[in-house]
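Colleague:
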Ligand code: 6PG
């Protein structure tokens with residue numbers, strides 16, 4: 043009987059899978075779940091899923107059997123080979139028209155490959171970015187589904203219900219064909235790296251340059267969260283400073299090793315930006331900063347050799363500098379998002395994703411890691427002009443950034459003077475200064491290329507390509 047069947051199947055009960063399953067069930071969709079190791083399923087059924095409309099399956103065949111048609115099976119396993127392994131196991135059991143959804147952080151070329159393979163076999167495939175961590179998955183993530191529109195229509199009722207809800211709707215929309223969803227999620231993560239690095243630099247300036255302790259850091263970030271910086275990442279940063287270490291009774295943040303890990307989405311964002319020829323210096327700085335942080339031992343050794351005369355403490359007006367750091371953070375953030383949105387714009391054309399950037403900004407307003415009040419302004423900017431070449435030339439952002447420019451320069455200058463590294467703040471400022479320059483020095487670069495390699499150059503006053511014999515030889 044059809045009504046015995048479950049509306050949705052989910053494979054992979056790690057943190058995200060478990061929470062998404064509970065979210066789907068809570069929203070009125072009976073769900074079947076499967077995990078490779080049976081223990082995990084049993085434990086889930088005995089604890090968080092107890093008494094809920096969750097049907098455990100102990101084989102993929104059993105899972106498939108329990109679903110209404112067209113079947114909707116979501117895969118929540120580690121990106122890469124495990125996704126292919128599950129798809130290989132799943133497809134012989136499915137029928138044409140059934141829908142596979144990959145909800146992991148898959149690399150977009152993999153999603154394109156899977157789309158082609160699965161379409162050939164007459165399955166529908168959705169590559170869906172899911173953001174929001176554990177809490178988001180349970181209570182409302184931001185969802186970025188890409189793939190066939192017909193497949194999206196089949197899952198629309200579910201995804202619109204389980205997504206985070208904001209003032210202008212659920213944080214989900216059909217993103218575009220093929221790998222569009224995973225591409226947008228990857229860029230979301232690149233932006234997330236940028237945001238996190240910018241916040242880390244602000245923290246360093248306040249801690250090292252201003253001499254703030256964790257209590258004052260907490261108060262400062264809490265206050266900043268009442269400003270245009272209001273966002274999930276600023277909020278959790280304020281929280282982090284209040285957490286004490288059980289073992290020492292001291293602030294936990296001070297006990298954490300200063301070496302950040304990464305799983306690859308930031309790096310992929312940088313790679314695709316180079317492939318497409320889009321400058322994203324803030325995100326490059328953020329990825330590089332994580333890599334640099336991992337050289338802990340070398341840095342410790344170098345700190346004893348490369349001693350410098352910089353004092354490390356800011357000696358100007360303290361309150362003014364703190365506000366300047368906030369403004370610099372905001373300006374840098376605007377530049378970072380300008381880069382991210384420009385990258386999406388270029389990818390949309392190149393890969394024919396047909397992205398609606400106002401909608402992308404809208405679905406990032408809630409649920410995801412980069413959720414922020416600020417995203418509404420981005421949405422408005424792209425609503426005013428869907429072909430906006432860069433966020434910086436939207437009148438609203440132009441006005442904001444120009445009004446804070448001096449504070450931003452003061453911070454970057456001071457950081458250089460104090461010897462506090464601010465790679466993302468300065469990359470953002472360089473981006474701003476380069477983008478607004480009508481003439482950059484690459485005329486010289488062209489002259490050099492032509493000089494040593496006859497690579498030719500163009501002229502400012504005549505069409506065509508030119509070569510010069512630069513010496514008499
Ligand atoms: C999200 C996060 C999530 C995860 C990434 C972070 O949107 O919910 O981006 O996908 O936190 O794995 O990646 P790193 O481990 O590379 O920092």
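Numbering (our numbering), first residue to last: 43 to 515.
Backbone N, C-alpha and C fix where the C-beta goes; we use that ideal spot for every residue, glycine too.
Do residue 188 and residue 222 have their beta-carbon atoms positioned less than 7 Å apart in this structure?
Modeller: Indexing the chain shown from 1 puts residue 222 at position 180. Indexing the chain shown from 1 puts residue 188 at position 146. Yes, the Cβ-Cβ distance between residue 222 and residue 188 is below 7 Å.
Colleague: For residue 501 and residue 204, I'd like the C-alpha separation in whole angstroms.
Modeller: Your numbering for residue 501 matches position 459 in the chain shown. Your numbering for residue 204 matches position 162 in the chain shown. For residue 501 and residue 204, the distance between alpha carbons rounds to 56 Å.
Colleague: CB of residue 173 to nearest heavy atom of the ligand 6PG: below 6 Å?
Modeller: Walking along the chain shown from the start, residue 173 turns up at place 131. Yes - the ligand 6PG has a heavy atom lying nearer than 6 Å to the Cβ of residue 173.
Colleague: So, for residue 315: in the same chain, excluding its five sequence neighbours on each side, which residues have a beta-carbon less than 6 Å away from its beta-carbon?
Modeller: Residue numbering aside, residue 315 sits at position 273 when the chain shown is read from its first letter. Contacts found: 322 and 385.
Colleague: What number of angstroms, rounded off, separates the C-alpha of residue 170 from the C-alpha of residue 362?
Modeller: Here residue 170 corresponds to residue number 128 of the chain shown, with the count starting at 1. Here residue 362 corresponds to residue number 320 of the chain shown, with the count starting at 1. The straight-line gap from Cα to Cα measures roughly 44 Å.
Colleague: Looking only at C-alpha atoms, which of 175, 225, 324 and 75 sits nearest to residue 379?
Modeller: By 1-based counting over the chain shown, the position of residue 379 is 337. Nearest option by C-alpha distance: 324.
Colleague: Using beta-carbon positions only, say whether residue 374 and residue 467 come within less than 7 Å of one another.
Modeller: Position 332 of the chain shown, counted from the first residue, corresponds to residue 374. Position 425 of the chain shown, counted from the first residue, corresponds to residue 467. Yes, Cβ-Cβ distance for residue 374 and residue 467 is below 7 Å.
Colleague: Ordered along the chain, which non-local residues of its own chain (more than five positions away) have a Cβ less than 6 Å from that of residue 454?
Modeller: Locating residue 454 in the chain shown gives position 412, where the first residue counts as 1. Excluding residues within five positions, the ones whose Cβ falls inside 6 Å are 467, 468 and 471.
Colleague: Around the Cβ of residue 29, are there at least 16 other Cβ atoms within 10 angstroms (buried) or fewer (exposed)?
Modeller: In the structure as shown, the chain starts at 43 and stops at 515, and residue 29 therefore has no counterpart that could be examined.
Colleague: For residue 334, does the three-state DSSP call read helix, strand or coil?
Modeller: Numbered from 1 along the chain shown, position 292 holds the residue referred to as residue 334. In the structure shown, residue 334 sits in a helix (DSSP, three-state: H, G or I).
Colleague: Please report the straight-line C-alpha distance between residue 504 and residue 329, rounded to a whole angstrom.
Modeller: The sequence position of residue 504 within the chain shown is 462, counting from 1. The sequence position of residue 329 within the chain shown is 287, counting from 1. Taking the straight line joining both Cα atoms gives about 41 Å.
Colleague: So the candidates are 175, 75, 273 and 435; which of them puts its Cα closest to the Cα of residue 479?
Modeller: Here residue 479 is taken as the residue at index 437 of the chain shown, counted from 1. Closest by alpha carbon: 435.
Colleague: How long is the line joining the alpha carbons of residue 74 and residue 154, rounded to whole angstroms?
Modeller: By 1-based counting over the chain shown, the position of residue 74 is 32. By 1-based counting over the chain shown, the position of residue 154 is 112. Rounded to the nearest angstrom, the two C-alpha atoms are 27 Å apart.
Colleague: Can you list, in chain order, the residues of its chain with a C-beta nearer than 6 Å to that of residue 160? Leave out the 5 residues immediately preceding and following it.
Modeller: For the purposes of this step, residue 160 is identified with residue 118 of the chain shown, where counting begins at 1. Counting only Cβ-Cβ distances below 6 Å, and skipping sequence neighbours, we find 167.
Colleague: If I'm right that residue 473 touches residue 377 with Cβ under 8 Å, what's the distance once you round it to whole angstroms?
Modeller: In the chain shown, the residue the question calls residue 473 occupies position 431. In the chain shown, the residue the question calls residue 377 occupies position 335. Contact flag correct, Cβ pair sits at about 5 Å.
Colleague: Any chance the CB of residue 304 is under 6 Å from a heavy atom of the ligand 6PG?
Modeller: Taking the chain shown and counting its residues from 1, one reaches residue 304 at position 262. Answer for residue 304: yes, Cβ within range of the ligand 6PG.
Colleague: Rounded to a whole number of angstroms, what is the C-alpha to C-alpha distance between residue 413 and residue 497?
Modeller: For the purposes of this step, residue 413 is identified with residue 371 of the chain shown, where counting begins at 1. For the purposes of this step, residue 497 is identified with residue 455 of the chain shown, where counting begins at 1. Spanning the two alpha carbons is a distance of roughly 46 Å.
Colleague: Check whether the Cβ of residue 181 lies closer than 6 Å to any heavy atom of the ligand 6PG, and answer yes or no.
Modeller: As a working mapping, residue 181 is identified with position 139 in the chain shown. Incorrect: residue 181 has no Cβ contact closer than 6 Å to the ligand 6PG.
Colleague: Sort 250, 298 and 152 by Cα distance to residue 462 and report the nearest one.
Modeller: Taking the chain shown and counting its residues from 1, the one referred to as residue 462 is at position 420. Taking only the C-alpha atoms, the option nearest residue 462 is 250.
Colleague: Would you call the segment 412 to 432 and the segment 262 to 276 in contact, with 3 or more CB pairs under 8 Å?
Modeller: Enough Cβ pairs lie closer than 8 Å, so yes.
Colleague: Can you tell me which residues form a DSSP beta bridge with residue 499?
Modeller: In the chain shown, the residue the question calls residue 499 occupies position 457. DSSP output for residue 499 lists 508 as bridge partner(s).
Colleague: For a quick check, are the C-beta atoms of residue 407 and residue 399 less than 7 Å apart?
Modeller: Translated into positions along the chain shown, residue 407 becomes position 365. Translated into positions along the chain shown, residue 399 becomes position 357. In this structure, residue 399 does not lie closer than 7 Å to residue 407 by Cβ.
Colleague: Might you give, ordered along the chain, the residues of its own chain that have their beta carbon closer than 6 Å to the beta carbon of residue 57, omitting 5 neighbours on each side?
Modeller: Locating residue 57 in the chain shown gives position 15, counting from the first residue. So the list reads 176, once near-sequence residues are dropped.
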